Structure formats: structure tokens, C-alpha cells
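Visitor: Quick one: the structure is below, questions incoming.
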Amino acid sequence: MDKEARLRVAIQKTGRLTDHSLDLLVRCGLKYSRGKDQLLCYGENMPLDVLLMRDDDIPDLIQEDVCDLGIVGLNVVEEKRLGFLARNVAPLFEQLQALDFGRCRLAIAVPDAFRWESIESLQGLRIATTYPNLLGDWLRRVGVAAEVVTLSGAVEIAPRLGRADVICDLVSTGSTLTANHLREVVTVLESQAVLIRTPVPLPAAKETWLQRMLLRIDGVQQVKESKYILLHAPRAALPEIRRLLPGSESPTIIPLEGTPDKVAVHAVCRENVFWETLESLKAAGATALLVLPVEKMLA
Ligand code: PRP
Ligand code: ZN
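Using our numbering, you'd call the opening residue of the sequence shown number 920 and step up by one each time.
Written out as C-alpha cells, the structure reads:
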């Protein structure tokens, strides 16, 4: 197969999205071997290669049609999109779906001793960030005039160095802020990993694989929350039990040999089954409760 026919997926090289991104592709059936330079994972069982890149470069790789798909934080996608629009360039990456990992937020954080009252407290201040477009856009929307100090990294030490009064940076666990005596005061953008693709039409074979991957990613997303549940129940308790089964459409009801008033219920629940649900099911008369993980699902 020639190189042009292989799908190229860009993911973050090292960072909070790396493991989850590779894991997602593996769950979609990808078997890969990793190149010596560690920058490319070659798909052995499908025409798909994974490029390991700096996350900030991923939208550009799609924009320049070097890669077809990308997994990257919404924060990066939005920052790039606003940047392109500001330069009158049409952004050439389409956001396909949120992937439910890599959750974090772009937030304003102030030094511990700062007297914060409201967003108005930012009026006239210098705000250090590596997200000047997102911050600028947010400041305009909330109607605050502040100076955006664009840095390329190490934003959290800017206040101590006197380069800014407060910062606007990504927060995930919050430990970076705590370590730097900063505290989060307001969220600018909620973020998580998203899938982006090129809007450029692909050769048919490539497009087919892309669509297949999208369906598989959907399947992977669905099974994460889904559980297969088995239980025994008195026939009379069925209406209540069906009501309690979270997110299940039509359960299979099987008669139990020798006990005409009892049945077995098998159901796929499209939401997580918590202990509380099991306890309620038991209280409603269910016995022999079993919850199994679902490995694959194709709707
Ligand atoms: C962000 C941010 C902080 C850290 C916060 O950087 O700049 O350094 O994460 O995470 P915490 O709240 O869990 O401490 P990131 O890892 O995204 O690196 P990058 O901006 O260089 O890609
Ligand atoms: Zn980055």
C-alpha cells in the first residue's frame, strides 16, 4: 500500500493526553510498532499511522494537510482557531467529537494574597498566558480591559518575576498552582480531548478507514459507560426493576425452569451501574445480581 493511502493521526507526544490517546486507538483495534525515533507508530493491521507531536502543533498539521485526524485538547483547538481567524485565515480543522478524557480548564489564577472580588478585579491588570487568543476573546466578552502578556511557557512564575499581576493557564489537578502560591478564581474555558479532522476530501479508501475509525471510537466511548447486567426477579417486580435499570432499552426476559413466578433479566445498561442501583434492585426483589463489563459494541 502506498504511503498516501495511509491515514495519519496526530496525537500528543508527551503529556496528559498521550496514554489515553494511544489507548483509544488500541481499543479501536490498532496494533502498532513504534519507530526508533519514537515519533511514529506504524499501524501493522490497518493503513493508519500515529504521529507523536507537540500538542500545540497538532491543529497546524491538520491545517497543512500533513495529518488527517488529530487528538488534542479543546483548549489548543480553540486557541488556534481564534488565532487563524484573527489573521483572516480560514481554520481547516473540523471538530468531530469530544473524547471524555484529558479534562482540564483554562482559568485565571491570582497570587494567594491577591484581593479578589469579581471579574472586575482584573481591570487594568497584566495577565500572563500562553493562550493569548482565548484570553483576549474572553476579556472582550466579559468586558474587562486588561493587558495580555503572552509567554511561551512557565506562566506560573510570571507573577513572582514581576512580569504580570495574575495568570491565565491550564489547570487540571491544581497542584501547579498550589506549588506556586496561586489560586484559581474563574474559568475561561472547560476543556477535554477532542477529535479533529481535515475538511479536505480524502481518497475513497482513506475516507472509508476514517469513517470506520469514527464508528469504532463511538463504540469505545459507549462501552466505557455500558454494563451487562443479569439478575433474577419475581415476575411481579418486573415493572419496578425495569424502571431501575439505568439506560437500558429492552431487556431480555427468560423464564426460570421450575419457578414460574420468577424470571431472569439480562440487559445492557448504557450508563454505569452503581452500588446504589444494585441496592435498589435488590430491595425491589432482585436476586443473583451480576454486573459485567462490555468489551465491544457496534450499534
Ligand atoms: C499545564 C499548565 C500547568 C499544568 C497544570 O501544562 O501549564 O503547567 O498543566 O496541571 P495541574 O493543575 O495538574 O498541576 P501542560 O501539561 O498542558 O503542558 P503544555 O502547556 O506545555 O502542553
Ligand atoms: Zn502544549
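Backbone N, C-alpha and C define an ideal beta-carbon position, used for all residues, glycine too. Computed from a predicted model, the values in this text were never measured in an experiment.
From the DSSP output, in three-state form, read off Val1088 for me.
Guide: The residue asked about is misnamed: residue 1088 is Asp in this sequence, not Val. If DSSP states are grouped into helix, strand and coil, Asp1088 belongs with the strands.
Visitor: May I ask you to check if the CB of Asp938 is nearer than 6 Å to at least one heavy atom of ligand 2?
Guide: no
Visitor: Got a list of residues with beta-carbon closer than 5 Å to any non-hydrogen atom of ligand 2, in chain order?
Guide: These are the residues, in chain order, with a beta carbon less than 5 Å from any non-hydrogen atom of ligand 2: Asp974 and Asp975.
Visitor: Start and end of the alpha helix (DSSP H) containing Thr937?
Guide: Thr937 to Arg946
Visitor: In the DSSP assignment, find the alpha helix (DSSP H) that holds Glu1195 and state where it starts and stops.
Guide: For Glu1195, the uninterrupted alpha helix (DSSP H) run begins and ends at Trp1194 to Ala1202, by DSSP.
Visitor: Less than 6 Å separating the Cβ of Val1090 from some heavy atom of ligand 1?
Guide: yes
Visitor: Reducing DSSP to helix, strand and coil, say where Arg1006 ends up.
Guide: coil
Visitor: Who are the Cβ neighbours of Val867 in its own chain at under 8 Å, not counting the five residues just before and after it?
Guide: Only positions 920 to 1218 of the chain appear in this structure, which leaves residue 867 out of reach.
Visitor: Pull the bridge partners of Arg1059 from the DSSP assignment, please.
Guide: The partner list for Arg1059 (beta bridge, DSSP) is empty, contrary to what the question assumes.
Visitor: Quick one: complete beta strand (DSSP E) runs, 3+ long, within the stretch 1116-1204?
Guide: 1146-1153, 1171-1174 and 1181-1188
Visitor: Please report how far the alpha carbon of Leu1200 lies from the alpha carbon of Leu1209, in whole angstroms.
Guide: 11 Å
Visitor: Which residue wins for smallest C-alpha separation from Ser1167, given the options Arg925, Arg1189, Ala1123 and Leu971?
Guide: Arg1189
Visitor: Assign Leu1018 to one of three DSSP states: helix, strand, or coil.
Guide: The answer is coil: DSSP assigns Leu1018 none of H, G, I, E or B.
Visitor: Could you tell me whether any non-hydrogen atom of ligand 1 is closer than 6 Å to the CB of Met962?
Guide: Contrary to the premise, residue 962 reads as Gly rather than Met in this sequence. Every heavy atom of ligand 1 is 6 Å or more from the Cβ of Gly962, so no.
Visitor: Here's a check: name, in chain order, each residue in its chain whose Cβ is nearer than 7 Å to the Cβ of Leu1058, leaving out the five neighbours to either side.
Guide: Correct list, in chain order: Ala1065.
Visitor: Note down, one range per segment and in chain order, each alpha helix (DSSP H) of at least 4 residues found wholly within the stretch 1018-1054.
Guide: You should have found no qualifying run.
Visitor: Please list, in chain order, all residues of the same chain as Val1029 whose beta carbon is under 7 Å from its beta carbon, the five residues on each side excluded.
Guide: Trp1035, Val1085, Leu1101, Arg1102 and Val1104
Visitor: On the premise that Ala1047 lies in contact with Val1063, defined as a C-beta separation below 8 Å, what is that separation, rounded to the nearest angstrom?
Guide: Actually they do not touch by this definition, with Cβ atoms about 15 Å apart.
Visitor: If you follow the beta strand (DSSP E) that Ser952 is part of, which residue opens it and which one closes it?
Guide: Ser952: member of the beta strand (DSSP E) spanning Tyr951 to Arg953, first to last residue.
Visitor: So, for Ala1177: in the same chain, excluding its five sequence neighbours on each side, which residues have a beta-carbon less than 8 Å away from its beta-carbon?
Guide: Looking at the sequence shown, residue 1177 is not Ala but Gly. Once the five neighbours on either side are set aside, Gly1177 has no close Cβ partner at all.
Visitor: So if DSSP puts Ile930 in a beta bridge, which residue, or which two residues, is it bridged to?
Guide: Residue pairing for Ile930: DSSP places it in a beta bridge opposite Leu971.
Visitor: Mapping the DSSP letters down to three states, classify Lys1215 as helix, strand or coil.
Guide: coil
Visitor: Quick one: give me the first and last residue of the alpha helix (DSSP H) that Leu1070 is part of.
Guide: That residue, Leu1070, is in no alpha helix (DSSP H); it is neither H nor E in DSSP.
Visitor: Excluding the 5 residues flanking Met920 on each side, which residues of the same chain have their C-beta closer than 7 Å to its C-beta?
Guide: At Met920 the pLDDT is 46, less than 50, meaning the model places this residue with poor confidence and gives no usable figure here.
Visitor: Just the C-alpha distance for Glu1126 and Pro1120, rounded to the nearest angstrom, thanks.
Guide: 8 Å
Visitor: Does the structure place the stretch 1107-1114 close enough to the stretch 993-1008 that three or more beta carbon pairs sit under 8 Å?
Guide: Segment contact: the stretch 993-1008 against the stretch 1107-1114, three or more CB-CB distances shorter than 8 Å; contact assigned.
Visitor: Give me whichever residues DSSP pairs with Leu1209 in a beta bridge.
Guide: Leu1149
Visitor: I need the straight-line Cα distance from Gly1204 to Gln1141, nearest angstrom please.
Guide: 29 Å
Visitor: Counting C-beta neighbours from all protein chains within 10 Å, is the total for Gly962 16 or more, i.e. buried, or is it exposed?
Guide: buried
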